[in-house]
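If you count the sequence shown from 1, you need to add 12 to reach the numbering used here.
Contents: one structure, followed by commentary.
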Amino acid sequence: MVNTHNSTRTFLSNGHTSPPVLIGKTSLLPALLIAEGYEKVIVTQPRRLLCTAICERVNETMTTNKDDIRIAGWAVRGAERDANAQILYLTDGLLKERLLHDTNLITNQSNNTKPIVFCLDEVHERSVNIDLCLALFARLLTDKPELMSKIKIIISSATLNSSIPNLYRQIPELKFDEFKMPTLETLHPVTKIERPNQNILDLVQELCKNRQRHDQILCFVSSVSEINQCCNLLKEISHGTLTAYPLFHSQSAIVQQKNIEQGSIFFSTSVAETSLTFPSLKYVIDTGMNNIPVYDFDKKQITFMEIRVAESTIKQRLGRLGRTKPGEYYSLYDFKVEDEKYPIPQIRQSDLVNIEFSLRKSLIKNGLNYMKKFLPDPPDSQAINSAIEELKRLGLVDSQDKLTLDGIAISELPDFGSLAMSKSVLTALNKHNCGRDLIVLSSILSVLNTSSIFKAIPSSMKRPEGDFMTLLNVMNEILLVKKSVSAQQFKLSEICEAKKLTAIIYILKRALKRYINLEKSFNLSKEYREKAQRSSDDWKSIAKSLLKGYQENVFLSMKELRGKTHLFTRYSSSKNDEAVLDLQSTLTRAIRSAPVSLVLARDVRFSSSVRATTVLSFVGEIKSKWISYFLNRKITLNQVEKEKLTSDNILITEKQNFPKIQMQLNKHAVNLEGSAGYVLNAELDILQRLVEEIKYPLINKFKSSAISDFERMKTNLERVSKMLYIFDPMKWRWEAQNQVKITANNNTTNNDCEIIIEGQHSQNKSVKKELKSFLGWLKNCTVIRNVNSGVPPQTLKPAMRKTCLDIEERISRITDSKRTSIELWKSLKGSKATRETRMEVVAWISVCKFDCRLEGGFVRDWVVGNYTARPSGDSTTWLNTVSNEPYETAPTLNKELIPSDLDCHLPQNKYFDIDKFLDNLHKYQIEYEVFRESWRYILLLDRNAKTGPFTMDLIEPHIALTHDRIDLDVSNLSLDKNYTKELGMRVDITIKPYSIELETIVDNIKNKRFQVLRPIDKYVQIRIDKMQNRGWTQLGQPMNVIPDPPSKYQIVVVPLPESTALYKNLVQLMKSDIGNQVEVLFIDQIKNLLLEDAYLAIKQLIAKQCTGYNPNERELFHGTKGEGIGGILNDGSDDRYCGTKFRIGKWGRGVYFADNPGVSHRYTEVNSNDQTRIMYYNKVLLGNESILDEPNSELMLAPPGFHSTHGKSSGQANDDEYIVYHDTQVLPYLRITYKA
């Protein structure tokens, strides 16, 4: 390399074609060049730590005597050591600044005949500073070819994009040579092992079982958050036996070195690619991913995105191995490394505003439009023009593309890291007399990339105004001590220890250096020397100064705009970014506390790892009267709100109250223009004036003539009025998301309730729609359930349980709240991940993180049955769309798909935050779409996943309580949080007369059979057909499972659907035996709890006395009239309402029934009010029948040995009657209302 360099007059490119090894290109080559007679070698490094570390290594290895002059020095922004040494290591950012501003950088070097050597190292990283250095050298050599004899440039890169050598080859007369590294073996062999998509923590644990005592494991992951997550999870899943150490850029060198010395397992970002040395590295595990900032110049925002790394980065990571011992490289990625040889240059995906300004204020006096011809990969013209427009908006460049007075003033100030901070400092100096405050604040902010510092600041030092004043307070505490003691007495470590700031000493050390350098700069300025010492410690002045630079970062709590609590929105004309406060911020409030109203943020972070919102870091609370920038805002209205604005004179009043702003009603919006503070106050005032209160009574809309419906609804509304807490989740949701207040009041007079809604008309309308939906469900509800009704989760009985361990395993995967994210990731992306395991993860999130209850088909088909089926065709064809409500569509899946969906009931005792739920899905990279109906959320998940889509219903809890009946026994199972082996039931069908136990249901599922639990109407028939098409078998006849009535009533009456076979059969029978003129109006099902208990008891007694334990139960008709209609319903078929009450029958004093409705019809009577008749259809226990051909009116009881009498009517076919003499042998089953 040295020989090649010596023979090349001007330029050498050093590219690696094999994995990089410790060949000394950074530490040895510069020293060899000095030995060859070159007087000055300047070497760039991408990071501060590398400059100091390599410099130290060179001095140690190249100097034999400690007293010798040090051959190498280093320089970074704000600090340097031995900067005049022959070898200078400096950051590429500092070299860029010197190339931009130092006219003597080259000409002032010594008169040595040999040129200065500039070595640009790690060029493959393609940072902004590296590309600008390349461009500045290219421009220098193009414009001043005479300098070719005075400088030599070495470009050192793991891989070299052809755009870089092509850039220099086009410079006239430039001698260019390229040195390609020969293929060199590593000192020790390195084995590459592919493990695509394997879980990284599984692999770490696997390697730990086989590694030698001192072997080190280095894992490359994409972000700092992933580093911390992996370190914590590894400790958790290994029960503390394995400890991993984090390595990332913002750590101090001391912490990094300490971690490397102590640890054997490390999780790192790209900081470990070149910066650190591991003494005993045996394994590298590479995810192949990195989290990088990408600037969108259209949206003017930076988003942190996870992308695959380039081949050059892979080589760097691989090159960590084989230095001290044989190594193994495990690749967890599944992409082809060679598909992306080079990273995208950062200058093509960065915010160009600061770059554009730095070029314009430099000696070049031109921006990127001029410099792009010297850049190897220039940014798009559109991106450059966007940066220029932003400079104009900031008032730093005029319409002629020249620097304004503010632009010139800022160009003369020290660099504060961003134009926004520079403008803030300038304003503080010139206008608000708080220049020192902003300089101090900028010193610490310039060294902070994350807000984790606030965790380490004692509460006593935090200021209520927010993060800015907290940081200023910390710095002032340090500077106060520094000012009061001599330089020799000032010990930062002792001060930090005393003030409990030791955890952030490395940050404070850098901030202090930065402040000292800024202080020196301002002391040299005649104009600003005095102003830079003025301090107010007044947040109002400091905030106004910051607003001058960061006015685009004013965010308003959406609570103020009647939006979601704890969300913020950018208060501007165009952008409507939704944001949350950084959790580390001092302004973060508890979830149940009101948020701060208005904040100013330094950082607005957009991240692909954060769902749909941005994160505001380094924030301070401000007041509306402090913001003065011009603003145009629009308040959207519906027709009613628009009319209210005019009819209530709201607009006229607002114009009088806020005369300094323009206010105009335009179609369905109010436009506000003026100073932002006034606009904000006017907007909030208008929104408040549009709030109205409406009352929505929950009333019984059935006509009293529809007796059963009216009475059932009346009973349910009375129950609702006594359990108003069922509306709490709905109240919490509307207040948290829309600031709508809902109050539920019970009306003791009418035993119903009234809902009071306080919000804007458009919001109130939506609340009413939800309440109307609730009434619709309640109308079809038999008995509204209690919150804790059903059967609590329970384990299977031992005899069955031992054969169902696989079921318990699947239950635990959904209900065990202690599952780790590692286990969840396996289910999502592991080698054995399926559609069902991905559904399990979503179910786990809903049950364990959000306290939902999982019910229905997924529990039946997958958890218990372990059944799966796929339709033919690609998974993209499984999905359809249906219209469930007017103007609303929802996804539906192919019916052949098993399991189909997830059914969840939302929790009753806590607020379900749909956004936090979606955040959890996003965290696990689960794709989703949300559909909202008036009673549920519908989620479409995994639309584009290889495993195929599925849907999820999240049903509001007050609606779930109206779901009081179940169609099939096998669909009645449920799962609850932390019941890891148990199954529950939504509806209790274990009670008599149904007596269906949990074990029976599980056995039915395992054998693909089911019991129908309600009359088969058209909807139940669809479900039956669906099950039978899947190969299931229906058991016996349907059971009519009706929920128990409330204890106060003991009776419940439910309509029998007209579409059921039973309804149709009864109508046909009555027309046949009474006459075609019969008109059946409705048939009601009856459940009388006391009569049912007595009936079941006597049924067992009679069964014991009958052959084959058969009580001879029949379903028979009974006609009645007058008092008997209500009496039978409430008190049963006793002699007050049947038989002897009216007359003695042919077969004595009993209760008479017939299987021919024509016979029972004779006992009915027309109601004079509505011309209707009533007939009961009953379950009757005939037991042993005494068959009598002749009447016997003297009978008081059935003959001895018999339980009933079967009276035959001679000569009259089908006129037989059946008589029982104990009313407990009768259970009224159906009530038939008809006309004839």
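Ideal placement from N, C-alpha and C gives every residue a C-beta, glycine not left out.
Keep in mind the model is a prediction, meaning the values are calculated, not measured.
- When DSSP reads this structure, Asn644 sits in a beta bridge with Glu685.
- Between the C-alpha atoms of Cys220 and Thr103 there is a straight-line separation of about 38 angstroms.
- By the Cβ test, the segment 470-482 is in contact with the segment 594-609, since at least three Cβ pairs between them sit closer than 8 angstroms.
- For Arg731 and Ile857, the gap between their C-alpha atoms comes out near 33 angstroms.
- Here Leu213 really is in contact with Ile249; their C-beta atoms are around 7 angstroms apart, less than 8 angstroms.
- Cβ-Cβ separation between Val53 and Val129: approximately 4 angstroms, consistent with a contact (criterion under 8 angstroms).
- Contact annotation, Ala855 with Leu866: C-beta distance approximately 5 angstroms; criterion of less than 8 angstroms satisfied.
- The residues Lys1111, Ile1114, Pro1123, Glu1125 and Gln1237, in chain order, have a CB closer than 6 angstroms to that of Leu1193 in the same chain once the five nearest residues on each side in sequence are set aside.
- Glu994 sits away from Lys809, with the two beta carbons spaced by 7 angstroms or more.
- Residue range Asp764 to Gly771 is occupied by the beta strand (DSSP E) that includes Ile769.
- Cβ atoms of Arg623 and Ser585 stay farther apart than 8 angstroms, at about 26 angstroms.
- Under the DSSP assignment, His113 falls in the alpha helix (DSSP H) whose first and last residues are Asp104 to His113.
- Of the residues assessed, Arg617 falls on the buried side of the cut-off, its CB having 16 or more other CB atoms within 10 angstroms.
- In this structure, the straight-line span from the alpha carbon of Arg955 to that of Ile1098 is close to 46 angstroms.
- Going by C-alpha positions, Leu246 is about 27 angstroms away from Arg847.
- Measuring C-alpha to C-alpha distances from Leu628 to each of Trp638, Ile639 and Arg614 identifies Arg614 as the nearest.
- The beta-carbon separation of Ile647 and Glu695, rounded to 6 angstroms, stays under the 8 angstroms limit for a contact.
- Out of His261, Ala544 and Lys521, the CA that lies nearest to the CA of Lys532 is found in Ala544.
- Between Val1053 and Leu1081, the C-beta spacing is not below 7 angstroms.
- Taking each of Met851, Glu941, Gly885 and Asn921 in turn and checking the Cα distance to Thr893, the smallest one comes out for Glu941.
- Beyond the five residues adjoining it in sequence on each side, Arg1021 comes within less than 7 angstroms, by CB distance, of Trp1044, Thr1045 and Leu1047 in the same chain, given in chain order.
- Judged by DSSP in its simplified three-state form, Gly632 adopts strand.
- Assignment of Pro911 by DSSP, reduced to helix, strand and coil, places it in the coil class.
- Contact annotation: Pro1240 and Tyr1164 have beta-carbon atoms that are not nearer than 7 angstroms.
- Closest option to Ile319, judged by alpha-carbon separation, among Ile356, Leu985, Lys1083 and Val795: Ile356.
- Put simply, of Phe428, Thr299, Asp427 and Lys404 the residue whose alpha carbon is nearest the alpha carbon of Leu417 is Lys404.
- Counting along the chain, the unbroken alpha helix (DSSP H) around Trp837 starts and ends at Ser833 to Lys841.
- Secondary structure within the segment 461-509: the alpha helix (DSSP H) runs of 4 or more consecutive residues, fully enclosed, are 479-496 (chain order).
- Secondary structure of Pro1067 (DSSP, three-state): strand.
- Taking all protein chains in view, the Cβ of Glu206 is surrounded by fewer than 16 other Cβ atoms within 10 Å, so the residue is classified as exposed.
- Annotation for Asn244: the continuous alpha helix (DSSP H) segment containing it runs Val236 to Ile249.
- Shown here, Trp874 sits in a helix according to DSSP, grouped into three states.
- Ranked by Cα distance from Ala845, the first of Lys922, Tyr180, Asn209 and Asn1016 is Asn209.
- The alpha carbon of Cys145 has as its nearest neighbour, out of Val1032, Lys156, Leu132 and Thr154, the alpha carbon of Leu132.
- With 16 or more other Cβ atoms inside 10 Å of its own Cβ, Asp873 counts as buried.
- With a cutoff of 7 angstroms on beta-carbon distance, Arg360 and Pro391 are scored as near each other.
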